[in-house]
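Here's the structure, in C-alpha cells; my notes come after.
Numbering (our numbering), first residue to last: -13 to 547.
Below, the structure written as C-alpha cells:
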C-alpha cells in the first residue's frame, strides 16, 4: 500500500483551507491507495473514513508510527470513529471486516458506520458474527442506514460548523443486488462578509471585524463549502440534477480512474483498433453526463483514485498512461492527489544493473545553459515549425533543408520578440517540466520513490545525465525529455531512490504522463500562434512550444559579395 501525505492531526479543521492547499500536505486530510482494491480517503482530524477498502488498519499503523512524538497512550487511541460506505460491494465489506476485527481490541467507543439502508440486515449479521451477539455488537458498532434522500448529521461537537450530509448518487435502484450508491459531503457553514461592506471593514482590526459581523447578521451571508465523496458514477446511469450541482460546486471532488476509461472515451477497444495512433483530445466523449460534471467542476481540488480491477470496464486500469490527457484542460492544474500503484515494468535485456546505474549517477556533472540571443543583423528568418522526427524521417527532412538552403542554415527559437539559440531553448523546455513537477508533488514523489532512473529511446539514454547535447541514440531520434526530468529533479532538490528503470516515451510507456506532448507549457502565452503540432501533441504543451517556436535561419549575405 502506498501512502500519500501522512501528517499529524491539527486542532482546527477548515475545509476552505484544505480546498486551496495541496491535499496531501494539508494538516487535516490524507489520501491512501490500496493498489487494485477499493480506495478510500481518510481525514484524521475528523476521524472519518470514506470507503474503507482493504488493509485499512495498515493506514492507522502508519499514522501511529509516523507520529514518533506521540505517547504510547496516544498511539493506542483509535484513529477512525466514522466510516461512510458509498456502496457495499465486496471490497468495502472485506475492508470493513478487517476494521471491525481490530475494533475488538481497541478502547471502548462506538464505530459509526453509514451505509445504504438496503444492506442493514446483511451488515448486522456480519457484526453479530464478529462480536458474538447483537448486544455485544451494539457496544462497538452503530449502523446508520442511509436512504435515497438528503439528510444531515452533526457528528463533531468540537467542530460545530461542520456536518456530514448524505445524498443519492443515482435514481436507478438495483433491486436484485441492492447495490445502491450513496454520496457524502462534509459541509462547512461559514459567514462571509457581503461585498458592499468589504471596503468598510478593511481598516478594522481582526477582533473589530469579528465583532462587526456578530453585531448584525445583515452585514454577512452564510456560505456553504462542500467536500463531496462519490464513487463509480457510470455514464449509462442518470444522475439527479441537484446532485450534479453538488458535485460541480464542491471544493474537492474525488473520482475514480475507471470513469476515464468510459466517459472520456479512452479504452482498450479503441486503442486496439488504432494500434499506432495514440489517443488525442478529440476522443473525449463530450456527450457523456459525467464528462460534463468534471468539465464544469468549479472547485479547487481534484482527487483521482483507482477503483478495484473488478470494476474496470476493460480489465487492467491504465490511468497512468493517460493521466493528463484524460483531464479537461481547464482542470489539469487542480489535480492535487493521485493514488495508484504502477505495475512493475521489466526492461528487456537491460545492459545495466542497479549498482551500475547508481555509479553512473554519482559521476554526473551539471551543465549550465545560458541564454544566447542571436544578432538578427547577421541572420535572416526563413521558416518556422519544422518537425524533424527521428531516424529516416529526420534524415529526409535534413536533406530537404540542405537542398533548399545550400548556403547552410541553423535551427533557432523565437521567444517573445527575440531569437535565441537552440541550447538556450533547452532551459525553457526544462522549465516546463520544473513547473509541472513543482506543482504536482504527488507525481514528483512517485517518480523519485519508484524510479532508479528514466530513459526515452533506449536504456543507454541514462549516459546523457544532465547534458542535452550528449545524444547517444541519434538513429532513434533526439531524446530531451529524460534529460529535462533529471535536471528538474536536481533543481527541486530531489533524486531517484527507486529500483525501476522506466521509459518516458509513447502512449504505451509507463511514464507517458511525463511526455512533452501532454505536459502543459508554463508560458503558454509565449507559444507562437497558430500552433504547429502533430496529431499526437496537445495544444499549449511543452512539445507544442518546441515545435511551434522553432525557426530556420540562414546567414545574411555580405554586401561586399
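Just so you know, even glycine gets a beta-carbon here, dropped at the ideal spot from N, CA and C. Note that the structure is predicted; figures quoted are calculated from it, not measured.
Rounded to whole angstroms, what's the CA-CA distance from residue 175 to residue 234? Just pull it up for me.
The sequence position of residue 175 within the chain shown is 189, counting from 1. The sequence position of residue 234 within the chain shown is 248, counting from 1. Here the alpha carbon of residue 175 sits roughly 18 Å from the alpha carbon of residue 234.
Taking just the CA atoms, how far does residue 123 sit from residue 422?
Counting from one through the chain shown, the residue named residue 422 turns up at place 436. Counting from one through the chain shown, the residue named residue 123 turns up at place 137. Near 50 Å, if we compare the C-alpha coordinates of residue 123 and residue 422.
Out of 192, 520, 130, 75, point me to the one whose CA is closest to residue 103's CA.
As a first step, residue 103 is located in the chain shown; it is residue number 117 there, counting from the start. Here the closest residue by C-alpha is 130.
Roughly how many angstroms separate the alpha carbons of residue 550 and residue 139, rounded to a whole number?
The structure shown has nothing for residue 550, since the chain only spans -13 to 547.
Could you check what DSSP says for residue 123 in three-state terms: helix, strand or coil?
Indexing the chain shown from 1 puts residue 123 at position 137. In the structure shown, residue 123 sits in a helix (DSSP, three-state: H, G or I).
Leaving out the 5 sequence neighbours to the left and right, which residues in its chain are closer than 7 Å to residue 503 when beta-carbon positions are compared?
Here residue 503 is taken as the residue at index 517 of the chain shown, counted from 1. For residue 503, where only same-chain residues beyond five positions count, the Cβ hits under 7 Å are 522, 523, 524, 527, 529.
Cβ atoms of residue 393 and residue 485: under 8 Å apart, would you say?
By one-based count along the chain shown, residue 485 stands at place 499. By one-based count along the chain shown, residue 393 stands at place 407. Cβ atoms of residue 485 and residue 393: not closer than 8 Å.
I'd like to know if the region 341 to 353 and the region 448 to 458 are in contact, where contact means that at least 3 CB-CB pairs between them fall below 8 Å.
Inter-segment contact for the region 341 to 353 and the region 448 to 458 is present: three or more beta-carbon pairs are separated by less than 8 Å.
On the DSSP letters alone, give me the boundaries of the beta strand (DSSP E) that residue 537 sits inside.
Sequence index remark: in the chain shown, residue 537 carries index 551 (1-based). Looking at the DSSP string, the run of the beta strand (DSSP E) that includes residue 537 is 536 to 541.
Do residue 116 and residue 70 come within 8 Å of each other at the CB atom, strictly closer than that value?
Within the chain shown, numbered from 1, the residue matching residue 70 stands at position 84. Within the chain shown, numbered from 1, the residue matching residue 116 stands at position 130. No, these two residues do not count as a Cβ contact at 8 Å.
Determine the extent of the beta strand (DSSP E) in which residue 317 is found, giving its start and end residues.
Indexing the chain shown from 1 puts residue 317 at position 331. Premise fails: residue 317 is in no beta strand (DSSP E) and is neither H nor E.
Do residue 535 and residue 519 have their CB atoms nearer than 8 Å?
Position 549 of the chain shown, counted from the start, is the residue given in the question as residue 535. Position 533 of the chain shown, counted from the start, is the residue given in the question as residue 519. Cβ distance not < 8 Å, so residue 535 and residue 519 don't count as in contact.
State whether the region 380 to 395 contacts the region 472 to 487, with contact taken as three or more CB pairs (one from each stretch) at a distance under 8 Å.
no
Using the Cβ count rule (16 or more neighbours within 10 Å means buried), how would you classify residue 57?
Here residue 57 refers to the residue found at position 71 of the chain shown. For residue 57, the predicted model reports a pLDDT of 40, less than 50, meaning its position is unreliable; a value from the coordinates is still stated below. Per the 10 Å Cβ criterion, exposed.
Am I right that residue 433 and residue 357 are in contact with their C-beta atoms under 8 Å? What's the rounded C-beta distance?
For the purposes of this step, residue 433 is taken as residue 447 along the chain shown, with counting starting at 1. For the purposes of this step, residue 357 is taken as residue 371 along the chain shown, with counting starting at 1. Between residue 357 and residue 433 the Cβ distance is about 28 Å, and since that is not below 8 Å, they are no contact.
Output the boundary residues of the beta strand (DSSP E) element that contains residue 399.
Reading the chain shown from its first residue, position 413 is the one you call residue 399. 396 to 401 is the extent of the beta strand (DSSP E) around residue 399.
Assign residue 465 to buried or exposed, taking buried as 16 or more other Cβ atoms, counted over all protein chains shown, within 10 Å of its Cβ.
Walking along the chain shown from the start, residue 465 turns up at place 479. With 16 or more Cβ atoms within 10 Å of its Cβ, residue 465 is classed as buried.
Round the Cβ separation of residue 315 and residue 280 to the nearest angstrom and send it over; I've been treating them as touching at under 8 Å.
Indexing the chain shown from 1 puts residue 315 at position 329. Indexing the chain shown from 1 puts residue 280 at position 294. For residue 315 against residue 280, the beta-carbon gap comes to about 12 Å, at or over 8 Å, which does not count as contact.
Can you name the residues that DSSP bridges to residue 151?
Locating residue 151 in the chain shown gives position 165, counting from the first residue. Residue pairing for residue 151: DSSP places it in a beta bridge opposite 138, 171.
Would residue 100 and residue 132 qualify as a contact pair, given that the criterion is a beta-carbon distance under 8 Å?
Walking along the chain shown from the start, residue 100 turns up at place 114. Walking along the chain shown from the start, residue 132 turns up at place 146. Result yes, Cβ atoms of residue 100 and residue 132 sit closer than 8 Å.
Count the other CB atoms within 10 Å of the CB of residue 470; is the residue buried (16 or more) or exposed (fewer)?
In the chain shown, counting from the first residue as 1, residue 470 sits at position 484. Buried is the call here.
Going by DSSP in three states, residue 35 sits in which element: helix, strand or coil?
Residue mapping note: residue 35 aligns to position 49 of the chain shown, counting from 1. Looking at residue 35 - three-state DSSP - the assignment turns out to be strand.
Can you look up residue 495 in the DSSP assignment and give me helix, strand or coil?
Position 509 of the chain shown, counted from the first residue, corresponds to residue 495. DSSP places residue 495 in coil when its eight states are reduced to three.
What's the gap between the Cα of residue 375 and the Cα of residue 463?
Taking the first residue of the chain shown as position 1, residue 375 is located at position 389. Taking the first residue of the chain shown as position 1, residue 463 is located at position 477. So the alpha carbons of these two residues sit roughly 7 Å apart.
In this structure, does DSSP put residue 48 in helix, strand or coil?
Taking the chain shown and counting its residues from 1, the one referred to as residue 48 is at position 62. Here residue 48 scores only 43 on pLDDT, less than 50, and its place in the model is too uncertain to base an answer on.
Out of 474, 142, 467, 533, state which residue places its alpha-carbon closest to the alpha-carbon of residue 498.
For the purposes of this step, residue 498 is identified with residue 512 of the chain shown, where counting begins at 1. Nearest of 474, 142, 467, 533 to residue 498, Cα basis: 467.
Please name the residue or residues paired with residue 527 in a DSSP beta bridge.
By 1-based counting over the chain shown, the position of residue 527 is 541. Residue 527 is bridged to 506.
Jot down the residue ranges of each uninterrupted alpha helix (DSSP H) in the region 435 to 477, minimum 4 residues, whole runs only, in chain order.
467 to 477
For residue 116, which beta-bridge partners are listed by DSSP?
Locating residue 116 in the chain shown gives position 130, counting from the first residue. The partner list for residue 116 (beta bridge, DSSP) is empty, contrary to what the question assumes.
Note the first and the last residue of the continuous alpha helix (DSSP H) segment covering residue 105.
Walking along the chain shown from the start, residue 105 turns up at place 119. Where residue 105 is concerned, there is no enclosing alpha helix (DSSP H), given that its DSSP letter is neither H nor E.
Could you please give me the residues that DSSP links to residue 70 through a beta bridge?
If you number the chain shown from 1, residue 70 lands on position 84. Per DSSP, 36, 100.
So residue 489 and residue 373 are in contact, right, with Cβ under 8 Å, and what is the actual spacing, rounded?
The residue given as residue 489 occupies position 503 in the chain shown. The residue given as residue 373 occupies position 387 in the chain shown. Contact between residue 489 and residue 373 is absent: CB atoms are separated by about 22 Å, not below the 8 Å threshold.
Distance, Cα to Cα, residue 335 vs residue 447?
Walking along the chain shown from the start, residue 335 turns up at place 349. Walking along the chain shown from the start, residue 447 turns up at place 461. Their backbone Cα atoms lie some 15 Å apart in a straight line.
If contacts are defined as beta-carbon pairs under 8 Å, then residue 340 and residue 437 qualify, I think. What distance do you get, rounded to the angstrom?
The count along the chain shown starts at 1 and reaches residue 340 at position 354. The count along the chain shown starts at 1 and reaches residue 437 at position 451. Contact doesn't hold; Cβ gap of about 11 Å is too wide.
So residue 36 packs on residue 141, CB below 8 Å; how close in whole Å?
One-based indexing of the chain shown puts residue 36 at position 50. One-based indexing of the chain shown puts residue 141 at position 155. With 8 Å as the limit, residue 36 and residue 141 do not qualify as a contact, their Cβ atoms being about 13 Å apart.
Let's test the definition: count the other Cβ atoms within 10 Å of the Cβ of residue 388 and tell me whether it reaches 16, buried, or not, exposed.
Taking the chain shown and counting its residues from 1, one reaches residue 388 at position 402. Result: exposed.
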